[in-house]
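From first to last, the protein sequence lines are chains H and R. Per this note's numbering, the first sequence starts with residue 91, numbered consecutively. Per this note's numbering, the second sequence starts with residue -7, numbered consecutively.
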Amino acid sequence: MARVICDMSTSLDGYVTGPNDSREHPFGDGAEMLHDWIFKAATDEDRAIVQDMLDNLGAIVMGRRSFDKNEGDGGWGDSGPVGDTPCFVVTHHTPTRTHPPIYTFITDGVASAIEQARHAAGDKVIGLHGATVMQQALPLGLVDEIRVHVIPVLLGGGTPLFSTLDSAIRLERTRTLATPAATHLGFRVVQ
Amino acid sequence: MSSEPAQRKLILYMSMSLDGFAARRDGTMDWLGEAQPYADRRQRAVAELLGQTGLLVLGRRAGQDMAQAWPSSHSATGKYMNTLPKVVFSSTVSDLEWSNTRVTDRSVQEEVPELKGQPGKDIVVFGGASFARSLAAHGLIDEYRINVQPVALGDGLPLLHGLPEPQRLELVSSTAWADGPITQTYVPR
């Protein structure tokens, strides 16, 4: 059965983008280094983490903002964030413009999007792409694991990874690994 | 030219047998299969919908049934059902013992457009069959989320039976749940 995993790079103060993120500057002000551990600062250990994520990924659930910021020319081009991996976009309204066929738009919520992603993912991982979908799925009990890559920077503002919760959610730590560019932490959600 | 102010939506969320019935003749819904494995996933979709709901509207019968069933519930769903504002439509009952519930004897075509014009999160209707039909007949439903259940009942209370004219709908989403039902989401064309 597919596991639902939120895998995000975050500043020490918990932001996944800097302030003023847009289609032109998808990471926001001062936050370009959030993903250096994947690219120019990657060590073998960092690369192994990325490869493991890619090898196991079966489907992606994302919010409309991630889609609008990155889809198409200048962003993800003719595909999605991870090649041909099917993407399920939680939105209020299906876009009228054309888009690559790997995208499916879901207007009745993140629970429905994750259920549709299960058909595509099989026994592989459903990746939650974006802070908002994670914040929607977490209190519904739909997230199995949270993986954060903590980057040594304080952004001071931007898109927060976590939001307020009605009640506490217990976690069990499954990974700690520090590389020069990131501290990789993994947690299993205790249901 | 000023643009039309954004209105909150009225969403109908109901289950239906494959042959189009919302309940048995006597109103019972014991065929829903809520105890099936993985039914909890679809219940999470209900919890998500309730979290995005600002108001529940109910017909007289559903109002009376739920006013009996929910006040003693302390489940997550029960908490929403008891704390959310509710409007019950009835010309015969004037008061219901249920927190945050108001009974109105106005017609749906008078009251619902006003409710939609008020600020707040979306309005949700969980039934029953005849109340859903009267809302649909007056063109008041902005989104239909119908769980088609894997059962044919043969007889019962039909959903949306006897509309004065055909309603053309567009399918915008379709989710097949592991426990069997398919949620079909339609909006009026």
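Each residue gets a CB set at the ideal place from its N, CA and C atoms; glycine is no exception.
Since T133(H) and T249(H) should fall inside the 8 angstroms C-beta cutoff, what is the C-beta to C-beta distance between them, to a whole number of angstroms? If you number the first sequence from 1, residue 133(H) lands on position 43. If you number the first sequence from 1, residue 249(H) lands on position 159. Wrong, their Cβ atoms sit about 27 angstroms apart, outside the cutoff.
Are the beta-carbon atoms of H115(H) and S156(H) separated by less than 8 angstroms? In the first sequence, residue 115(H) corresponds to position 25, counting from 1. In the first sequence, residue 156(H) corresponds to position 66, counting from 1. No; because the gap between Cβ atoms is not below 8 angstroms, this pair is not in contact.
Cβ neighbours of G165(H) in the same chain (closer than 8 angstroms, five flanking residues each side left out): In the first sequence, residue 165(H) corresponds to position 75, counting from 1. Short of 8 angstroms from the beta carbon of G165(H), and not among the five residues preceding or following it, lie these beta carbons of its own chain, in chain order: R113, P116, K159.
State the DSSP-derived secondary structure class of G12(R), mapped to helix, strand or coil. For this step, residue 12(R) is matched to residue 20 along the second sequence. Here G12(R) sits in coil by DSSP.
Listed by chain order, chain H residues near T69(R) by CB distance under 8 angstroms: Residue numbering aside, residue 69(R) sits at position 77 when the second sequence is read from its first letter. What T69(R) touches in chain H: nothing, since even the nearest Cβ is about 12 angstroms away.
Residues of chain H with CB under 8 angstroms from W169(R), in chain order? Start at 1 with the first residue of the second sequence, and residue 169(R) comes out as number 177. Going along chain H in sequence order, the residues near W169(R) (Cβ under 8 angstroms) are E205.
May I have a chain-ordered list of the alpha helix (DSSP H) segments no shorter than 4 residues that lie completely inside the region 212 to 247 of chain H? Counting whole runs of 4 or more residues, the region 212 to 247 of chain H contains the alpha helix (DSSP H) stretches 221 to 227.
By DSSP, does T254(H) sit in helix, in strand, or in coil? On the first sequence, position 164 is the one that residue 254(H) refers to. If DSSP states are grouped into helix, strand and coil, T254(H) belongs with coil.
List the residues of chain R that G118(H) touches, going by C-beta distances under 8 angstroms, in chain order. Sequence index remark: in the first sequence, residue 118(H) carries index 28 (1-based). Under the 8 angstroms cutoff, chain R gives no residues; its nearest Cβ is about 27 angstroms from G118(H).
If we ignore side chains and look at the alpha-carbon of each, how far apart do S(-6)(R) and Q35(R) end up? Mapped onto the second sequence, residue -6(R) falls at position 2. Mapped onto the second sequence, residue 35(R) falls at position 43. Residue placement at S(-6)(R) is flagged as unreliable, the pLDDT there being 45, under the threshold of 50; the coordinate-derived value follows with that caveat. The straight-line gap from Cα to Cα measures roughly 41 angstroms.
Proximal residues of chain H, C-beta to C-beta of V164(R) below 7 angstroms: Within the second sequence, residue 164(R) is the residue found at index 172, counting from 1. Those within 7 angstroms of V164(R) in chain H are T184, T197.
Mapping the DSSP letters down to three states, classify K78(R) as helix, strand or coil. Counted from its first residue, the second sequence places residue 78(R) at position 86. In the structure shown, K78(R) falls within a strand segment according to DSSP collapsed to helix, strand and coil.
Enclosing beta strand (DSSP E) for A268(H) [first to last residue]: As a first step, residue 268(H) must be located in the first sequence, where it is residue number 178. Here the beta strand (DSSP E) through A268(H) covers 261 to 268.
At what residues does the alpha helix (DSSP H) containing R53(R) begin and finish? The residue you call residue 53(R) lines up with position 61 of the second sequence. Run containing R53(R): 52 to 61, per the alpha helix (DSSP H) assignment.
Could you tell me which of H153(R), F81(R), A170(R) sits nearest to D97(R), measuring between CA atoms? Start at 1 with the first residue of the second sequence, and residue 97(R) comes out as number 105. The shortest C-alpha separation from D97(R) is found at F81(R).
Taking a cut of 7 angstroms between CB atoms, which residues from the region 32 to 66 of chain R lie near chain H? R33, R36, A37, A39, E40, L41
Where does R137(R) fall in DSSP's three states? Here the question's residue 137(R) lines up with position 145 in the second sequence. Reduced to three states, the DSSP call for R137(R) is strand.
Boundaries (first-last residue) of the alpha helix (DSSP H) holding M143(H): Walking along the first sequence from the start, residue 143(H) turns up at place 53. Boundaries of the alpha helix (DSSP H) harbouring M143(H): 134 to 146, taken from the DSSP string.
Determine the chain H residues that contact R137(R) at a beta-carbon separation under 8 angstroms, and present them in chain order. The count along the second sequence starts at 1 and reaches residue 137(R) at position 145. Near R137(R) (Cβ distances below 8 angstroms), the residues of chain H are D198.
Close-in-space but distant-in-sequence residues of the same chain around I236(H) (CB under 6 angstroms, 5 per side omitted): Position 146 of the first sequence, counted from the first residue, corresponds to residue 236(H). Counting only Cβ-Cβ distances below 6 angstroms, and skipping sequence neighbours, we find C96, F277.
Give the straight-line distance between the Cα atoms of M73(R) and D145(H), rounded to the nearest whole angstrom. Within the second sequence, the letter at position 81 stands for residue 73(R). Within the first sequence, the letter at position 55 stands for residue 145(H). M73(R) and D145(H): Cα-Cα distance of roughly 43 angstroms.
is_contact[A201(H), chain R] using C-beta, thresh 8 angstroms: Translated into the one-based positions of the first sequence, residue 201(H) becomes position 111. True, the Cβ-Cβ gap to chain R drops below 8 angstroms.
With the cut-off set at 8 angstroms, would you say G46(R) and G119(R) are in Cβ contact? Within the second sequence, the letter at position 54 stands for residue 46(R). Within the second sequence, the letter at position 127 stands for residue 119(R). Going by C-beta atoms, G46(R) is not nearer than 8 angstroms to G119(R).
Bridge partners for G153(H) per DSSP, in chain order? For the purposes of this step, residue 153(H) is taken as the residue at position 63 of the first sequence. Paired residues: V180(H).
For chain H, check one thing: does any of its Cβ atoms lie closer than 8 angstroms to the Cβ of T175(R)? If you number the second sequence from 1, residue 175(R) lands on position 183. Output row for T175(R): interface = yes.
Going by the DSSP bridge assignment, what does F123(R) pair with across the sheet? On the second sequence, residue 123(R) is found 131 positions in, with the first residue counted as 1. BP columns for F123(R) are empty, so no partner.
Candidates R208(H), T186(H), S169(H): closest to I192(H) by CA position: As a position in the first sequence, residue 192(H) is number 102, starting the count at 1. The residue with the shortest Cα to Cα distance from I192(H) is S169(H).
Reference P180(R), options H153(R), G154(R), I133(R), closest by Cα: Against the second sequence, residue 180(R) aligns to sequence position 188. Distances from the CA of P180(R) to each of H153(R), G154(R), I133(R) were compared; the closest alpha carbon is that of I133(R).
Cβ closer than 8 angstroms: which chain R residues qualify as neighbours of H209(H)? The sequence position of residue 209(H) within the first sequence is 119, counting from 1. What H209(H) touches in chain R: A168.
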